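In full-length UniProt numbering, the protein residues as written are 1 to 251.
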Amino acid sequence: MQQAEYYENDTTLAQYLEFHFGERWHGEANFPKALADAAMHAMDGRPLDRALDIGCAVGRTSLELARHFRHVDGIDFSRAFVNKCQEVARDRRVRYARPEEGELVTFQDQSLASLGLEEAAERVSFHQGDACDLPSQFTGYDLVLAGNLIDRLYQPSLFLETIHERINELGLLVIASPYTWLEEYTPKEHWVGGFKKNGEDFSTFDGLKEMLAPHFRLLFEPWSLPFVIRETRNKFQHSFSELTVWEKVSQ
Numbered sequence: 001m002q003q004a005e006y007y008e009n010d011t012t013l014a015q016y017l018e019f020h021f022g023e024r025w026h027g028e029a030n031f032p033k034a035l036a037d038a039a040m041h042a043m044d045g046r047p048l049d050r051a052l053d054i055g056c057a058v059g060r061t062s063l064e065l066a067r068h069f070r071h072v073d074g075i076d077f078s079r080a081f082v083n084k085c086q087e088v089a090r091d092r093r094v095r096y097a098r099p100e101e102g103e104l105v106t107f108q109d110q111s112l113a114s115l116g117l118e119e120a121a122e123r124v125s126f127h128q129g130d131a132c133d134l135p136s137q138f139t140g141y142d143l144v145l146a147g148n149l150i151d152r153l154y155q156p157s158l159f160l161e162t163i164h165e166r167i168n169e170l171g172l173l174v175i176a177s178p179y180t181w182l183e184e185y186t187p188k189e190h191w192v193g194g195f196k197k198n199g200e201d202f203s204t205f206d207g208l209k210e211m212l213a214p215h216f217r218l219l220f221e222p223w224s225l226p227f228v229i230r231e232t233r234n235k236f237q238h239s240f241s242e243l244t245v246w247e248k249v250s251q
């Protein structure tokens with residue numbers, strides 16, 4: 001299955017809706033909420049005017065950020081994901097058929113009010129877009145958050161080496177990723193790390209430091225956030241996403 005087909009697939013959409021709005025599994029926190037909470041901790045008194053959630057999937061992190069920010073833009077490459085985000089924000093409800101076994105599903109229905117997100121939905125706009133080629137109007141952000149995104153981009157450098165143009169001075173770039181580099185998403189020549197360079201191991205963190213150094217400084221040492229994606233009643237993906245926080249430096 002091609003990348004575009006995967007993300008427009010109804011089963012994948014349901015899995016992501018469960019990931020964002022469903023139950024907690026195997027004792028792990030809700031990852032999209034934990035990601036927003038980590039970003040807010042890093043903001044630490046900085047302005048909370050505008051935030052960008054790039055690679056927003058089905059929108060939970062955008063909504064969580066909108067508890068605090070005056071306005072949040074959520075952008076995703078998948079039209080199916082964006083359509084669902086817009087539906088959830090409009091109806092203030094999350095509805096989906098959760099895969100259980102084979103063709104069997106259970107129907108899930110949850111209000112944003114039950115998550116404390118109804119008011120936040122008024123401050124979020126969702127858009128379809130390409131992180132490697134963002135339209136010019138997406139600029140002037142105090143925070144840009146890229147959750148589990150960079151290892152799914154066709155050329156991550158196009159995002160990493162230009163995103164400073166979208167961020168206000170002393171604003172933050174928060175990146176989280178399991179660094180799962182796969183050639184079906186990213187040609188190997190565009191991987192940020194995970195290979196040998198000059199005979200030495202070159203990690204994605206090494207690559208991030210190199211690409212972001214001209215415009216950002218690392219605020220904290222990286223740390224890991226766990227996440228669980230439920231595929232069916234009996235199958236789960238348990239992973240860890242490395243989180244790094246970068247402050248835009250004065251030029």
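For every residue, glycine included, the Cβ atom is placed at its ideal position computed from N, Cα and C.
No experiment lies behind these values; they were computed from the predicted model shown.
Enclosing alpha helix (DSSP H) for residue i [first to last residue]
i: K84; result: 79-91
i: K196; result: Careful: K196 lies outside any alpha helix (DSSP H), inside the beta strand (DSSP E) at 195-197.
i: D53; result: No alpha helix (DSSP H) contains D53, which is instead part of the beta strand (DSSP E) from 50-54.
i: E64; result: 60-65
i: F159; result: 156-160
i: A146; result: Note, A146: premise wrong, no alpha helix (DSSP H); beta strand (DSSP E) at 141-147.
i: E18; result: 10-21
Same chain, Cβ closer than 6 Å to residue i, neighbours up to 5 away in sequence not counted
i: R95; result: D109
i: I150; result: P156, S177
i: L158; result: C132
i: L48; result: H68, F69
i: F19; result: I229
i: V174; result: A39, L145, V245
i: H190; result: Q155
i: F81; result: A57, V58
Own chain, CB closer than 8 Å to residue i, minus 5 neighbours either side, in chain order
i: E100; result: T106, T232, R233
i: R166; result: L52, L134, F138, T139, G140, Y141, V144
i: R123; result: A66, F69, R70, H71, V72
i: F240; result: P178, S224, L225, P226, F227
Beta-carbon separation (whole angstroms), residue i vs residue j, contact threshold 8 Å
i: L143; j: A38; result: Actually they are not in contact, since the Cβ atoms of L143 and A38 sit about 11 Å apart, beyond 8 Å.
i: F69; j: R93; result: Actually they do not touch by this definition, with Cβ atoms about 23 Å apart.
i: L145; j: L35; result: 7 Å
i: R46; j: L172; result: 7 Å
Nonlocal neighbours in the same chain, by C-beta distance under 7 Å from residue i, ignoring five residues either side
i: C85; result: C56, V58, G59, G74, F126
i: D10; result: none
i: L212; result: L160, W246
Residue environment, residue i, which counts as buried when at least 16 other CB atoms sit within 10 Å
i: T204; result: buried
i: E5; result: In this predicted model, E5 has a pLDDT of only 49, less than 50, meaning its place in the structure is not dependable; the value taken from the coordinates is given anyway. The residue is exposed, with fewer than 16 neighbouring Cβ atoms inside 10 Å.
i: V245; result: buried
i: L13; result: buried
i: K248; result: buried
i: D76; result: buried
i: residue 252; result: Outside the shown range of the chain (1 to 251) lies residue 252, about which nothing can therefore be said.
i: H41; result: exposed
i: N198; result: exposed
i: Y7; result: Residue placement at Y7 cannot be trusted, given a pLDDT of 43 that sits under 50; what the coordinates show is reported in the next sentence. Result: buried.
i: S111; result: exposed
Start and end residues, beta strand (DSSP E) containing residue i
i: R230; result: 223-232
i: S136; result: Note, S136: premise wrong, no beta strand (DSSP E); not H, not E.
i: D37; result: Here D37 belongs to no beta strand (DSSP E); instead the alpha helix (DSSP H) covers 31-43.
Residue i - partner residues in DSSP beta bridges
i: F126; result: G74
i: L243; result: A176, W223
i: K248; result: F216
i: V105; result: P99
i: S114; result: None; S114 has no bridge partner.
i: E200; result: K197
i: K235; result: T232
i: I167; result: Y141
Distance cut-off 6 Å: residue i Cβ against heavy atoms of the ligand MG
i: F21; result: Annotation note on the ligand MG: not contained in the displayed structure, which lists no ligands.
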